[in-house]
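Asks:
Residue numbers (this note's numbering): 25 to 192.
1) For residue 126, which option in 88, 162, 92, 168 has the closest C-alpha, if you only look at C-alpha atoms?
2) Excluding the five sequence neighbours on either side, which residues of its own chain have a C-beta within less than 6 Å of the C-beta of residue 134, listed in chain order?
3) Taking the beta carbon of residue 137 as the centre, do at least 16 other beta carbons fall within 10 Å, making it buried, or is it exposed?
4) Is it true that the CB of residue 80 sits closer than 8 Å to the CB of residue 94?
5) The beta strand (DSSP E) spanning residue 186 covers which residue range?
6) Residue 144 lies in the beta strand (DSSP E); which residues open and close that run?
7) Would you identify the three-state DSSP class for residue 25, choosing helix, strand or coil?
8) Count the CB pairs spanning the segment 98-112 and the segment 66-79 that are closer than 8 Å, and state whether there are at least three.
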C-alpha cells in the first residue's frame, strides 16, 4: 500500500510515546482504537464518496499519525496541521521518507491559513480547540465548499454540544 504496509496504529503511538507522553495541556489523547479509525474511514462512502486521489483532506492535530495513516491509505492528498513540535518531528520521522501525498504543517490550526481546495476535514480534535475548529470549518465551508467533515471529539465535548446551541 504505497510503502505504508509496515505501519500500524499501535506502532505509531508507541514510537511517539518513546519521545513523550500526550501533553494534557494541549488536550492530546492519542487515537489507538483501529475500529474507530476503520469506522471513520467508512463514513464518507455512506454520505458522499470515499476519499480518492482527487481528494484533499485536512487533518487537525494528527498527533502520532494513527488517523493520518488511514487517510494516506485512501490515496488522497493530506494536509496535517499540528501545533506540537515533537509530534511534527515524529510525523516527519515516520512519513518523511515515504512516497505519499502528505504535507505536515507545524502551527496552530485555529490561527494558521488553511490550504485552498480542501474537500474533506477528517480529524480527531483535542478538546481545547474543538469549538474554534468547528467554527472555522463552518466559515471555510461557506467560502470554499467542503464536501464532508468528520470530526471525532472527546465525550465531554460531545455532551457539551448536545446540551447547548452554537457556538459550542
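Each residue gets a CB set at the ideal place from its N, CA and C atoms; glycine is no exception.
Replies: Straight from the coordinates:
1) Nearest C-alpha to residue 126: 92.
2) Result list for residue 134: 153, 156, in chain order.
3) By the 10 Å Cβ count, residue 137 comes out exposed.
4) Going by C-beta atoms, residue 94 is not nearer than 8 Å to residue 80.
5) Premise fails: residue 186 lies in the alpha helix (DSSP H), 179-187, not in any beta strand (DSSP E).
6) Residue 144 -> beta strand (DSSP E) spans 144-148.
7) Note that residue 25 has pLDDT 42, beneath the 50 cutoff, so the model's placement of it is unreliable and the number below is only indicative. DSSP, reduced to helix, strand and coil, places residue 25 outside both helices and strands of the structure shown, so it counts as coil.
8) Proximity of the segment 98-112 to the segment 66-79 meets the contact definition, three or more beta-carbon pairs being nearer than 8 Å.
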